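Letter 142 of the sequence shown, counting from 1, is numbered 143 in this note's numbering, and no numbers are missing.
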Amino acid sequence: MYNIKRLESVTDAQVEELTDLWVRAFAGDPHSKALLGGDMSLQRDFCRATIRATALEGELYIITVGQDERIASTASWFRPGRGLFDSEEQRALGYNEVFAKLSPQTQNWLKHTYSETIIKLDKLVFTREEVARRWWCSNLATDSGHEGKGYATALVEIMSKKVKETGTLIGLTTSTEINVHKYISMGFHKRGSTLVRAPTGDFYEHILSREP
């Protein structure tokens, strides 16, 4: 048995538990490595900033299991027209500090190479009308040892119901082929891919969507 709930606010303990989960779930992920310029000592602070920003202006859902209600899976969503770290209020919750610690090379890569590459792909695979009604999944993660139990699918289905009721759609990206196949099995379809050049190693970014 498991429980699904939205965290309207997050406690420090929940932030730490989610951070632990994300670090385990994204171990070796080329996208995560590139965002930090390979400085993985910043990963936990980046995760904390992401969690707090999502709780502030996005929608943060978790699945808990067991009598101790351990968090086994989580999903982060932003409503149409919004996104992760798109406001100073979000960035002030830890991201600005992380960004300041990145190397000048990584800062420049984030501002130009990465953002320009993703924006170009996004415009290529989504129409303006679709973007205007698109819920964005900025994070979907299941803790090690809990994969294959349908938790991520259950979290997607929560948003899928909202999408169906409001006539919107879901979009997300992933940098691994194995996740592309997982998302397709959840009802997503692949919109497109692009090669992202990065100092830490090039990787492909794949965009997928799911409509009502």
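We put the CB at the ideal spot given by N, CA and C, even for glycine. The structure displayed is predicted, hence computed values, not measured ones.
From the DSSP output, read off the bridge partner residues of residue i.
| i | result |
| --- | --- |
| Gly39 | DSSP output for Gly39 lists no bridge partner at all. |
| Tyr3 | Val66 |
| Lys183 | Lys183 is not bridged to any residue. |
When you compare the CB positions of residue i and residue j, do they come within less than 8 Å of one another, or not?
| i | j | result |
| --- | --- | --- |
| Asp30 | Gly95 | no |
| Thr174 | Arg134 | no |
| Tyr62 | Leu156 | yes |
| Glu90 | Glu58 | yes |
| Thr143 | Ser74 | yes |
Which of the three DSSP states is assigned to residue i in this structure?
| i | result |
| --- | --- |
| Val11 | coil |
| Thr169 | coil |
| Ala142 | strand |
| Glu206 | strand |
| Thr107 | helix |
| Ser194 | strand |
| Arg211 | strand |
| Arg134 | coil |
| Thr201 | coil |
| Thr154 | helix |
Can you give me the C-alpha to C-alpha distance between residue i and residue j, rounded to a whole angstrom?
| i | j | result |
| --- | --- | --- |
| Ala56 | Leu141 | 14 Å |
| Asp203 | Thr114 | 12 Å |
| Val24 | Arg53 | 16 Å |
| Lys124 | Lys165 | 24 Å |
| Ile208 | Arg7 | 25 Å |
| Asn180 | His190 | 12 Å |
For the region 52 to 103, which segments carrying the alpha helix (DSSP H) assignment without a break, of at least 4 residues, lie completely within its bounds, in sequence order? Those alpha helix (DSSP H) runs which fall completely within the region 52 to 103 and span 4+ residues are 89 to 92, 96 to 102.
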